[in-house]
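To start, the structure under review is shown below, and the notes come after it.
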């Protein structure tokens with residue numbers, strides 16, 4: 001069953017905006033995609049996952065399905081911004097300093113992007129959403145700078161990196177044992193127990209076998225999914241990505257997992273560092289996700305103080321890359337959030 005074609009899914013009218021913008025952020029040139037049918041609509045910045053996997057990103061111009069949401073209706077309600085982060089996609093630069101690949105620098109870059117968007121569109125506040133890795137940047141930023149934001153939306157929110165790795169290792173080892181895969185069992189056991197801070201190879205090995213057992217995608221006898229091939233096709237069919245940009249995306253994804261980054265990952269535990277958020281908070285999570293575990297988000301959500309309101313939405317057909325039906329539901333939720341807050 002073909003769920004999405006390889007052609008462009010929609011076009012922005014002449015009254016709107018659809019452009020790539022190159023901006024100096026964090027001392028390097030970084031790239032943004034801006035799409036909207038009406039630039040007077042509020043700004044929504046969506047932070048991509050990875051780190052190093054820029055979908056949704058600059059490659060996503062006129063693409064409806066972008067792994068975490070659909071966008072054809074979204075651009076009618078928001079001025080929608082995608083950004084290829086440091087080391088990713090069109091922002092990739094082989095000369096980039098390895099020392100700059102750390103979470104504090106990514107947070108600083110994101111803060112600069114937010115300020116740029118506020119100034120460009122003359123907005124006091126914007127909407128901020130993160131997907132997977134992007135939720136680490138997003139949640140920290142709204143916690144530290146709530147006056148910049150109308151609301152925060154965490155799509156596949158990461159809460160405690162090490163505890164999530166514990167659950168991922170347990171699930172993957174169980175899969176390997178049930179499949180009697182001696183090589184997988186041996187390599188996974190050799191990784192040891194999280195946190196993985198001795199070498200990037202530990203984390204890479206775990207993720208290799210998670211990919212083998214398809215933790216990113218959920219399918220069953222009734223639920224079908226276009227799969228990881230669609231993610232690659234989003235890069236290849238982009239009018240704004242050359243073949244070299246796609247190659248750079250793969251290279252950047254590998255380069256970004258430095259020793260400093262894996263040490264930073266091990267420190268992520270929002271249960272300890274973020275007890276309260278001052279803006280409205282929304283968490284959206286795939287019910288079948290065994291890549292970023294929803295139970296950790298649910299526990300965090302229950303304990304979180306959110307005086308402006310908090311809401312949790314489960315997406316029933318999805319693991320980590322959202323089923324197209326759930327992606328449309330996420331788009332609908334994002335539109336509803338704007339309309340709800342507009343009417344307050």
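Residue numbers (the UniProt record's numbering): 1 to 344.
For every residue, glycine included, the Cβ atom is placed at its ideal position computed from N, Cα and C.
Buried or exposed for residue i, please, with buried defined as at least 16 other CB atoms from any protein chain shown within 10 angstroms of its CB.
i           : result
residue 84  : buried
residue 177 : exposed
residue 130 : buried
residue 221 : exposed
residue 331 : buried
residue 285 : buried
residue 262 : buried
residue 248 : buried
residue 303 : exposed
residue 57  : buried
residue 280 : buried
residue 307 : exposed
residue 229 : exposed
residue 244 : exposed
Restricting to Cα atoms, I'd like to know which of the options is closest to residue i.
i           : options               : result
residue 338 : 26, 74, 29 and 66     : 74
residue 326 : 305, 217, 280 and 261 : 217
residue 215 : 319, 335 and 257      : 319
residue 200 : 260, 182 and 160      : 260
residue 267 : 298, 163, 45 and 229  : 163
residue 123 : 78, 65 and 334        : 78
residue 28  : 43, 106 and 324       : 106
residue 23  : 68, 8 and 110         : 110
residue 219 : 328, 44, 25 and 324   : 324
residue 145 : 344, 121 and 112      : 112
residue 293 : 45, 147 and 321       : 321
residue 206 : 13, 183, 172 and 182  : 172
Could you tell me the boundaries of the beta strand (DSSP E) in which residue i lies?
i           : result
residue 24  : 17-25
residue 184 : Element bounds for residue 184: not the beta strand (DSSP E) but the alpha helix (DSSP H), 182-191.
residue 332 : Careful: residue 332 lies outside any beta strand (DSSP E), inside the alpha helix (DSSP H) at 324-342.
residue 108 : First-last for residue 108: 103-120, but that is the alpha helix (DSSP H), not the beta strand (DSSP E).
residue 134 : That residue, residue 134, is in no beta strand (DSSP E); its alpha helix (DSSP H) goes 133-144.
residue 82  : 79-84
residue 312 : 310-315
residue 149 : 149-155
residue 283 : 281-286
Leaving out five residues before and five after residue i in sequence, what residues of the same chain have Cβ atoms less than 7 Å from its Cβ?
i           : result
residue 59  : 89, 234, 235, 238, 240 and 241
residue 159 : 270, 271, 296, 297 and 300
Kindly list the residues whose CB is nearer than 6 Å to the CB of residue i, restricted to its own chain and excluding five residues on each side of it in sequence; keep chain order.
i           : result
residue 346 : Here the chain comprises residues numbered 1 to 344, so residue 346 is not present and cannot be evaluated.
residue 287 : 314 and 316
residue 311 : 282
Could you name the residues of the same chain whose beta carbon sits closer than 8 Å to that of residue i, not counting the 5 residues immediately before and after it, in chain order?
i           : result
residue 139 : 130, 152, 154, 157, 270, 274 and 277
residue 11  : 18 and 62
residue 15  : 37 and 38
residue 256 : 50, 51, 52, 87, 88 and 101
Identify the continuous alpha helix (DSSP H) that holds residue i and give its terminal residues.
i           : result
residue 301 : 294-303
residue 350 : Outside the shown range of the chain (1 to 344) lies residue 350, about which nothing can therefore be said.
residue 259 : 259-266
residue 166 : 161-178
residue 233 : 228-236
residue 208 : 200-212
Quiz item: Is the segment 163-178 touching the segment 127-144, taking contact as three or more C-beta pairs under 8 Å?
Solution: No, the segment 163-178 does not touch the segment 127-144.
Quiz item: Does the count of Cβ pairs from the segment 237-254 and the segment 90-97 closer than 8 Å reach three?
Solution: By the Cβ rule, the segment 237-254 counts as touching the segment 90-97, because three or more pairs are nearer than 8 Å.
Quiz item: Do the segment 180-193 and the segment 292-307 touch if we need at least three Cβ pairs shorter than 8 Å?
Solution: Because the criterion of three Cβ pairs below 8 Å is not met, the segment 180-193 and the segment 292-307 do not touch.
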